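Numbering follows the working numbering, with no gaps: position 137 of the sequence shown is 138.
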Amino acid sequence: MVLNNSTIHFDEFAEKKVLGMLLVSKEKKYFEEAKNLLSEKSFYSYANKLVYNSLMDYYDKNKDVFIIEYQELVNYVLSSVSPNSEINIDFIHNLIINACLFENRFQHFQHLNRLSALREIETGLESMLYKVKTEQNTNIESFVSLIQKKMNDASEKVKTNEYKSIKDISDNYFNDLMNKRMTKENNIFGVPTGYDALDKNTQGFKGGELIIIAARPAMGKTAF
């Protein structure tokens, strides 16, 4: 495949790994994760962009389907591109044989988003450099502010954490409620805080939770 190598910040092999993983997966959760954590901009190869968009389009149209059928998915991708496109059955097979392991997907998501952020920084800096070279009355303050914004946007883009669906969160919540119901009053599941009243309400601190202790002013939050 020929790419316009105007940047060094791309990894076509990693793109194949992610797309291949989606093609061989049968669970909707992987598509949901890819839709929430990636975008078309995460892919540098134009053909890979088309495949990603096609996969997400298929997911949007089949959210009610419990199991995703492989052959139906492949047929949908092939039917959504031009007959003259390089995306054919051999192209699809190449993606599949390069599929990453499901347990490594977030690592590859983050890698693609990091490269995408670097491409955006590169493009933005080139544009601003041209602006400085061609405009005599460039406003320093607005110029610096724009650079900072682009850097912050890029930094946020690479923060790809493990995605959890509403169902996963609600299941964990109800499991926690059941544990509280079945546990003796003095037993806790998480890390004890040393404050009995707080431990009774939270069952101790547990991974993945955000516990906010709040009260109106002058109630002794700092002392607590």
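Every residue gets a Cβ at the ideal spot worked out from N, C-alpha and C, and that includes glycine.
Please read these numbers as outputs of a predicted model, since none were measured by experiment.
Item                                                                                                            : Value
Test: Val78 CB closer than 7 Å to a CB of chain C                                                               : Included in the structure is just one protein chain, with no chain C present.
The segment 13 to 26 contacting the segment 47 to 61, beta-carbon criterion three pairs below 8 Å               : yes
Residue environment, Tyr59, which counts as buried when at least 16 other CB atoms sit within 10 Å              : buried
The segment 15 to 27 in contact with the segment 67 to 83 per 3-pair CB rule at 8 Å                             : yes
Option nearest Ile88 by Cα separation, candidates Lys17, Thr203 and Gly195                                      : Lys17
Beta-ladder partner(s) of Met206, from DSSP                                                                     : According to the sequence as given, residue 206 is Phe; it is not Met. For Phe206, which the question treats as bridged, DSSP gives the partners Val192.
Own chain partners of Leu119 with C-beta closer than 7 Å, once the 5 adjacent residues on each side are dropped : His10
Span of the alpha helix (DSSP H) around Gln111                                                                  : Arg106 to Thr135
Whole-angstrom distance between Ser40 and Ser156, CA atom to CA atom                                            : 16 Å
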